[in-house]
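In the numbering used here, the protein residues as written are 207 to 593.
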Ligand SMILES: O=C(O)CCC(=O)C(=O)O
Ligand SMILES: [Fe+2]
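In structure tokens:
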């Protein structure tokens with residue numbers, strides 16, 4: 207493989223083919239007031255050799271210019287089907303467990319991928335949270351994450367060294383549930399500040415056509431341009447999410463709420479690419495189907511992981527190792543969700559109970575708590591005793 211140049215933060219500025227833009231170029235000051243080149247808006251040197259899946263120059267420009275990109279056609283149905291099958295198994299396992307524990311009276315085996323969890327959740331409220339908490343990265347999801355075309359694209363955005371980032375999520379967005387309606391945020395607000403100075407690329411991949419009715423995604427175009435992470439609060443309603451107020455998005459990130467909120471219609475077989483500082487949210491699912499999706503991330507292994515030292519990433523591409531196989535065994539030897547529940551949950555909150563539907567995350571330590579709900583009450587803050 208050959209690249210024009212070794213990619214360093216400095217090289218980003220000096221050597222990239224610069225975009226023409228009406229928006230001012232910005233730079234990022236980190237916590238120590240160190241100046242970084244703008245890694246979020248400047249295109250790094252592109253691979254010299256064309257590879258399968260590569261985005262066009264225009265698509266790459268759009269991604270760095272707007273902070274996100276919809277790619278309509280990246281997977282065949284055959285490539286996604288194994289993931290759909292594994293999701294069905296995951297739901298079936300949960301149904302069996304709930305049934306054996308007497309928490310549901312029907313296994314709802316006659317329902318398919320897009321209906322069954324809704325029926326289970328009607329009987330045991332929070333079943334969708336249990337799926338979210340217990341997700342396992344099966345072989346089909348490993349294959350999806352390290353898909354050759356995806357890694358070819360990741361190289362265009364991140365350079366020749368590409369690692370999977372420890373944060374990934376399988377999301378079961380059941381109809382009419384606010385619990386799975388994710389409010390405005392920048393992903394770096396969930397990570398720690400070590401994530402602020404570099405690009406973390408997300409591919410959000412739905413398992414059905416998504417739109418404004420079935421809980422699709424909205425992006426705040428150009429919201430990445432200042433390079434800043436704005437003030438977030440915790441946690442709206444009965445959720446564990448961070449929340450970025452629209453006024454704050456306007457004031458600190460310069461988002462034009464009238465013009466730049468884009469509803470993303472991402473089809474089955476497509477994906478939505480975005481950055482760790484691009485503001486986004488998902489809409490309420492008012493359809494009759496569960497909106498299943500997975501979000502997968504990558505960054506350069508030269509950067510810090512920015513996730514509270516809970517887990518490291520997994521190397522997927524390296525210029526020096528053309529035959530590299532990701533070391534899944536090592537990566538999967540840590541389960542970050544189990545780790546963080548252990549580290550941050552109060553001992554008296556039945557956190558080991560497999561049917562506990564509280565989710566507490568290290569981000570509660572970082573942002574102003576404006577609403578103390580059961581998730582926050584189950585969290586052990588840094589300044590609190592172990593039990
Ligand atoms: O899938 C959703 O509803 C939210 C996804 C999200 O915020 C993310 O992938 O970072
Ligand atoms: Fe997000």
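Note that the Cβ used here is the ideal one computed from N, Cα and C, for glycine as well.
Discussion item. If I follow the unbroken beta strand (DSSP E) through residue 375, where does it start and stop?
Written reply: Taken as a continuous stretch (DSSP letters only), the beta strand (DSSP E) holding residue 375 covers 375 to 379.
Discussion item. To the nearest angstrom, how far is the alpha carbon of residue 413 from that of residue 336?
Written reply: Distance between the alpha carbons of residue 413 and residue 336 is about 19 Å.
Discussion item. Measuring only from the beta carbon, is residue 393 closer than 6 Å to any heavy atom that is part of ligand 2?
Written reply: Residue 393 Cβ: within cutoff of ligand 2.
Practice prompt. Return yes when at least one heavy atom of ligand 1 lies under 6 Å from the C-beta of residue 410, else no.
Written response: Within the chosen limit of 6 Å, ligand 1 reaches the beta carbon of residue 410 through at least one heavy atom.
Worksheet item: CB-CB under 6 Å to residue 477, same chain, minus the five flanking residues each way: which ones, in chain order?
Response: Result list for residue 477: 277, 280, 409, 411, in chain order.
Item to complete: Using beta-carbon positions only, say whether residue 439 and residue 385 come within less than 7 Å of one another.
Response: For residue 439 and residue 385, no; Cβs fall outside 7 Å.
Discussion item. Could you tell me the alpha carbon to alpha carbon distance between residue 563 and residue 522, rounded to whole angstroms?
Written reply: The straight-line gap separating the alpha-carbon atoms of residue 563 and residue 522 is approximately 33 Å.
Worksheet entry | DSSP state of residue 314 mapped onto helix, strand, coil | Three-state DSSP puts residue 314 in coil, outside helix and strand.
Worksheet item: What residues match up with residue 467 in a beta bridge as DSSP calls it?
Response: Answer by DSSP bridge pairing, in chain order: 426.
Worksheet entry | Inter-residue Cα distance where the pair is residue 309 and residue 330 | One alpha carbon belongs to residue 309, the other to residue 330, and they sit about 6 Å apart.
Practice prompt. Can you give me the start and stop residues for the alpha helix (DSSP H) that residue 293 sits inside?
Written response: Under the DSSP assignment, residue 293 falls in the alpha helix (DSSP H) whose first and last residues are 283 to 306.
Practice prompt. Consult DSSP for residue 491 and reduce its assignment to one of helix, strand or coil.
Written response: In the structure shown, residue 491 sits in a strand (DSSP, three-state: E or B).
Practice prompt. For residue 382, count neighbouring C-beta atoms within 10 Å of its own C-beta (all shown protein chains included) and say buried if the count is 16 or more, exposed if not.
Written response: So residue 382 counts as exposed.
Worksheet item: Do the stretch 421 to 431 and the stretch 482 to 492 make contact, defined as three or more Cβ pairs closer than 8 Å?
Response: The answer is yes - the stretch 482 to 492 touches the stretch 421 to 431, with three or more Cβ pairs under 8 Å.
Worksheet entry | Option nearest residue 344 by Cα separation, candidates 253, 500, 507 | Comparing Cα-Cα distances from residue 344 to each of 253, 500, 507, the minimum goes to 500.
Worksheet item: In its own chain, which residues sit with a C-beta less than 6 Å from the C-beta of residue 517, not counting the 5 before and 5 after it?
Response: Closer than 6 Å at Cβ, skipping near neighbours: 372, 540, 542.
Worksheet entry | residue 449: CB within 6 Å of a non-hydrogen atom of ligand 1 | No, ligand 1 has no heavy atom inside 6 Å of this Cβ.
Item to complete: State yes or no: is the C-beta of residue 363 within less than 7 Å of the C-beta of residue 503?
Response: It is not a contact, given that the beta carbons lie outside the stated cut-off.
Worksheet item: For residue 576, does the three-state DSSP call read helix, strand or coil?
Response: It is coil, neither helix nor strand.
Worksheet item: Starting from residue 276 and walking both ways along the beta strand (DSSP E), at which residues does that stretch end?
Response: Following the DSSP letters along the chain, one finds residue 276 inside the beta strand (DSSP E) bounded by residues 274 to 277.
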